[in-house]
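Residues in the sequence shown are numbered from 9 upward in steps of one, following our numbering.
Virtual Cβ for every residue (Gly too), placed ideally from N, Cα, C.
Reviewing the structure listed below.
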Amino acid sequence: MTAFLASAEVAGAQQEPVVPPTPNCSSCAEWNRPHAPLRLFGNTYYVGTDGLSALLVTSPDGHVLVDGALPESAPLIRRNIEALGFSVSDIKLIVNSHAHFDHAGGIAMLARLSGATVAASAASARWLQAGSSFADDPQYGIHLLMPPVPRVRVLRDGEVVRVGALALTAHFTGGHTPGGTTWSWRSCEGDVCRDLVYADSQTPISADGFRFTANRTFPGAVAAFRQGHALLERLACDILITPHPSASDLFGRAERGALVDGAACRRLAATAREALEARLARERAN
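Right, dumping it as structure tokens:
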């Protein structure tokens, strides 16, 4: 178990930088549409954009931010946090699902604004610090650069990170990327507590020419996917959230009052397994 403390205090009057839109990204404008912040359960809040998730898990001793969306999403995330009555300067820890520009691009700015520690798996830490993925990325060459994060704390699989009374567990669920990480924690409203899972992307998509069945840069991709599917099937999971909220119909479920669904993670695992097997079958056929 690891305790994280803020590395610096950020003055409340600090100016919010202006971030230009990400170039050459046909989906970014749609992903980055503003979305009102949303209380999911207890001390867990959605503070991301319309197409990219970011979560704030709060405590009197400091907060944890999960994911940072696009570089230009950082000001929107900050405004959502402040609209809820919280301060970015109280974020003590920032963690990541996977280090592509659309989920980690805003982390560098949010870390700078908050003074928070950034923590990630070893593979993701390497990408975050470089501001780019490497050749072990199945999507290498088709993802854009992102602002690099100067310092990243490397996590172990199954490690519990703590900020005050908060305790979040890192579960390595690679495949989509080598460093993909699913996060789980417990939030309570009075005497009612729920297990929340932020399940990393499980989609077997890649750049042209990459084969999950035979490659030298990420030979463990298929095994990593299958390990992730098995984890999602057995993980305590009352409320599922995904890096793209549409992948788990987050907003629709919230509108219907149906966020709590103990079978959601198992369904995600089943769907992801089917997609992987279909991809592998196509590769073998070709």
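message: How far does the alpha helix (DSSP H) with ILE85 in it extend, from its first residue to its last?
response: ILE85 -> alpha helix (DSSP H) spans 82-91.
query: By the 10 Å Cβ neighbour count, where 16 or more other Cβ atoms means buried, how is ALA21 classified, buried or exposed?
result: For ALA21, the predicted model reports a pLDDT of 36, less than 50, meaning its position is unreliable; a value from the coordinates is still stated below. Classification of ALA21: exposed, given that the 10 Å Cβ count is below 16.
message: Comparing C-alpha positions only, which one of ALA232, CYS245 and GLY270 sits nearest to ALA280?
response: Sorting ALA232, CYS245 and GLY270 by C-alpha distance to the C-alpha of ALA280 places ALA232 at the top.
query: Near SER256, what residues of its chain come up, given a Cβ to Cβ distance below 6 angstroms and the 5 sequence neighbours on each side ignored?
result: Shown here for SER256: same chain residues with a beta carbon closer than 6 angstroms to its own, the five before and five after excluded, namely LEU248 and THR250 in chain order.
- prompt: When the Cα atoms are used, what is the spatial distance from SER122 to ASP98?
  reply: Going from the Cα of SER122 to the Cα of ASP98 covers about 7 angstroms.
task: Compute the distance between the beta-carbons of HIS184 and THR211, then report whether it is under 7 angstroms.
output: Yes. Within cutoff.
- prompt: Does DSSP classify ASP110 as helix, strand or coil?
  reply: Here ASP110 sits in helix by DSSP.
task: Select from ALA178, HIS108, ALA124 and VAL171 the residue whose C-alpha is nearest the C-alpha of PRO155.
output: By alpha-carbon distance to PRO155, the top candidate from ALA178, HIS108, ALA124 and VAL171 is HIS108.
task: Compute the distance between the beta-carbons of GLY50 and SER129, then report whether it is under 7 angstroms.
output: Taking 7 angstroms as the Cβ cut-off, GLY50 and SER129 do not qualify as a contacting pair.
query: Does the separation of the CB atoms of ARG161 and ALA127 fall below 7 angstroms?
result: In terms of Cβ geometry, ARG161 and ALA127 form a close pair [threshold 7 angstroms].
query: Just to confirm, are PRO45 and ALA91 a CB contact at a threshold of 7 angstroms?
result: For PRO45 and ALA91, yes; Cβs fall inside 7 angstroms.
Rounded distance between the beta-carbons of SER132 and HIS151, thought under 8 angstroms: Not really, about 13 angstroms apart at Cβ, beyond 8 angstroms.
query: Assuming ILE102 contacts LEU64 under a Cβ cut-off of 8 angstroms, what Cβ separation, rounded to an integer in Å, is found between them?
result: Not quite, the Cβ-Cβ distance comes to about 10 angstroms (not below 8 angstroms), so this is no contact.
- prompt: Rounded to whole angstroms, how far is the Cβ of ASN40 from the Cβ of GLY59, which I believe are closer than 8 angstroms?
  reply: The pair is a contact, with the Cβ atoms about 7 angstroms apart (cut-off 8 angstroms).
message: Less than 7 angstroms between the C-beta atoms of PRO42 and LEU84, yes or no?
response: Their beta carbons are under 7 angstroms apart, which means PRO42 touches LEU84 by this criterion.
- prompt: With DSSP run on the structure shown, which of helix, strand or coil describes ASP58?
  reply: If DSSP states are grouped into helix, strand and coil, ASP58 belongs with coil.
message: Quick check on the burial criterion: 16 or more other C-beta atoms within 10 angstroms. Buried or exposed for ASP110?
response: Classification of ASP110: buried, given that the 10 Å Cβ count is 16 or more.
- request: Please go through the same chain and pick out, in chain order, the residues whose beta-carbon is closer than 8 angstroms to the beta-carbon of SER214, but skip the five residues on each side of it.
  value: For SER214, where only same-chain residues beyond five positions count, the Cβ hits under 8 angstroms are PRO146, GLN147 and PHE220.
- prompt: So, are the CB atoms of ALA37 and GLY76 less than 7 angstroms apart?
  reply: No, these two residues do not count as a Cβ contact at 7 angstroms.
message: Quick check: ALA207 and THR190, are their CB atoms within less than 7 angstroms of each other?
response: The criterion of a C-beta distance shorter than 7 angstroms is satisfied by ALA207 and THR190.
- prompt: Does the ligand MN have a heavy atom nearer than 6 angstroms to the CB of ARG120?
  reply: With respect to small molecules bound, the structure shown includes none, and the ligand MN cannot be examined in it.
task: Quick one: using the 10 Å Cβ neighbour count with 16 as the cut-off for buried, is ARG4 buried or exposed?
output: Outside the shown range of the chain, which is 9 to 294, sits residue 4, and nothing can be said about it.
Cβ neighbour criterion (16 or more within 10 Å) applied to ASP144: Its Cβ being crowded by 16 or more others within 10 Å, ASP144 is buried.
task: Keeping to the same chain, check which residues put their C-beta closer than 6 angstroms to that of ARG287; ignore five residues upstream and five downstream.
output: Within the same chain, ARG287 has close Cβ partners PRO212.
message: Quick check on this structure: which residue in THR66, VAL55 and ALA289 has the alpha carbon closest to the alpha carbon of ARG170?
response: Nearest C-alpha to ARG170: THR66.
- prompt: Apart from the five residues on each side of it in sequence, which residues of its chain come closer than 7 angstroms, Cβ to Cβ, to ARG292?
  reply: Cβ neighbours of ARG292 beyond the five flanking positions: THR221.
message: Please tell me whether LEU243 and VAL205 are closer than 7 angstroms, where the distance is taken between their beta carbons.
response: Against a cut-off of 7 angstroms, the Cβ pair of VAL205 and LEU243 comes out as a contact.
- request: Could you tell me if GLU17 is buried or exposed, where buried requires 16 or more neighbouring beta carbons within 10 angstroms of its beta carbon?
  value: Low confidence applies to GLU17: its pLDDT is 31, below 50, so where it sits in the model is not reliable, and the reading given next is rough at best. Exposed, because fewer than 16 other Cβ atoms sit within 10 Å of the Cβ of GLU17.
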